[in-house]
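In this text, residue positions in the sequence shown follow UniProt numbering: the first is 1, and each later residue adds one.
All C-beta atoms, glycine included, are put in the ideal place defined by N, C-alpha and C.
A short worksheet on the structure shown next.
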Amino acid sequence: MSAPAGTLHVVATPIGHLGDLSPRALEVLRTVDLVCAEDTRHTRQLLAHFGVEQALQALHQHNEDTQAANLVERLRAGESMALVSDAGTPLVSDPGFRLIRAAREAGIRVSPVPGACAAIAALSVAGLASDRFAFEGFLPAKAGARRDRLVRLAGEPRTLVFYESAHRIVECLDDMAAVFGRERPAVLARELTKLFETVLDGPLGTLLERVEADADQRKGEFVLVVQGAGEDGEAQVAEGRRVYALLAPHLPPSTAAKLAAELSGAPRKALYGG
């Protein structure tokens, strides 16, 4: 008789403050046969802090396809494993879904061990509507693709949550202010749960100015929470801007604004000043 299959535990780790690792997560990390980690060097330091010596296997975007089948076979043979990312909840803008999918397709039990998540942590302190929200992760690195993505989101009524890096935070805020409007309320959460944590709130234009003026606010890891477009006039303006951005490369600005206003119901002057 074959041994019962093992369990794949999806374990959330701290996003900064090590005290946020739950007792259950620590127990799982101590007792599994293998920890699959995005960066084994980073995870080894985390485990060492808690006095845990554990076998580690690198699992990242470059090797996940080739490693998943082998790991599933080990799970079938009775080994139990933990999947962790560098910080926070695995699979939230991190690799791992291919392993999870392969394990589930093989009938392996996949069990969540919940904990820290930067997106949820930022949303919890933002003071913006949280009953409905859309997590967008990292925007495209290239300016044109980033603008295109934001244009498509301009009319989204739900609160929007983004991740961003230090070397693109100014450009990201600049594009958001241009596409969503400088007066759109937003919150910029930086270095959550870490020593230099800051949470700034205000219109996008104001946040952009504060970040440009203070070099410290351009360091670290960022979560941007942006108020949705709303269901009425603001949504019309957002949709008008989206349509205008699509038409502007092909038509004179005044003509593009006129057509965008007719299609969206937004005031033409909100789209184009001419």
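When the distance is taken between beta carbons, is residue j closer than 9 Å to residue i?
i: A129; j: R158; result: yes
i: A266; j: E239; result: yes
i: V84; j: T43; result: yes
i: E38; j: H60; result: yes
i: V179; j: V125; result: no
i: A5; j: A118; result: no
i: R101; j: A141; result: no
i: R132; j: G228; result: yes
Could you check the C-alpha separation between residue i and residue j for me, to the nearest Å?
i: T198; j: N70; result: 42 Å
i: Y163; j: T89; result: 14 Å
i: E171; j: A106; result: 44 Å
i: L21; j: A55; result: 19 Å
i: E136; j: R74; result: 34 Å
i: A87; j: G230; result: 33 Å
i: D175; j: Q45; result: 37 Å
i: A145; j: A260; result: 21 Å
i: D214; j: V237; result: 31 Å
i: I120; j: S93; result: 13 Å
i: H62; j: R41; result: 16 Å
With a cut-off of 8 Å on the beta carbons, I'd call residue i and residue j a contact; round off their distance for me.
i: F222; j: R190; result: 5 Å
i: A103; j: L34; result: That belief does not hold up - the Cβ atoms of A103 and L34 are roughly 13 Å apart, past 8 Å.
i: A235; j: G181; result: Wrong, their Cβ atoms sit about 12 Å apart, outside the cutoff.
i: E64; j: P95; result: 5 Å
i: residue 332; j: V151; result: Residue 332 is absent from the model: the chain starts at 1 and stops at 274.
i: V211; j: L173; result: 6 Å
i: A68; j: L99; result: 5 Å
Short of 8 Å in beta carbon distance, which residues of its chain neighbour residue i, apart from the five on each side in sequence? Order them along the chain.
i: F97; result: L91
i: M1; result: Low local confidence applies: a pLDDT of 46 at M1 is under 50, so the model's placement there is unreliable, with the coordinate-based value given in what follows. Nothing listed; no residue qualifies.
i: A25; result: V11, A12, T13, V113 and G115
i: G220; result: A166, R190, E191, K194 and F196
i: G202; result: P185, A186 and R210
i: V72; result: L99, A102, A103, A106 and I108
i: R149; result: E136, L139 and P140
i: G127; result: V187 and D201
Tell me the DSSP bridge mates of residue i?
i: V113; result: V11
i: T159; result: F133
i: P185; result: P203
i: Q57; result: C36
i: V225; result: V161 and V187
i: M81; result: L8 and L34
May I ask whether a heavy atom of the ligand SAH can be found less than 8 Å away from the beta carbon of residue i?
i: E234; result: Because no ligand of any kind appears in the structure shown, any question about the ligand SAH cannot be addressed here.
Who are the Cβ neighbours of residue i in its own chain at under 6 Å, not counting the five residues just before and after it?
i: K269; result: none
i: L263; result: V243
i: residue 275; result: For residue 275 there is no data in the structure shown, the boundaries of the chain being 1 and 274.
i: L246; result: none
Starting from the C-beta of residue i, find all residues in its chain whose C-beta is less than 7 Å away, skip the five residues before and the five after it, and write them out in chain order.
i: L29; result: V11, V35, L47, V52, Q54 and A82
i: E79; result: G6, D33 and L34
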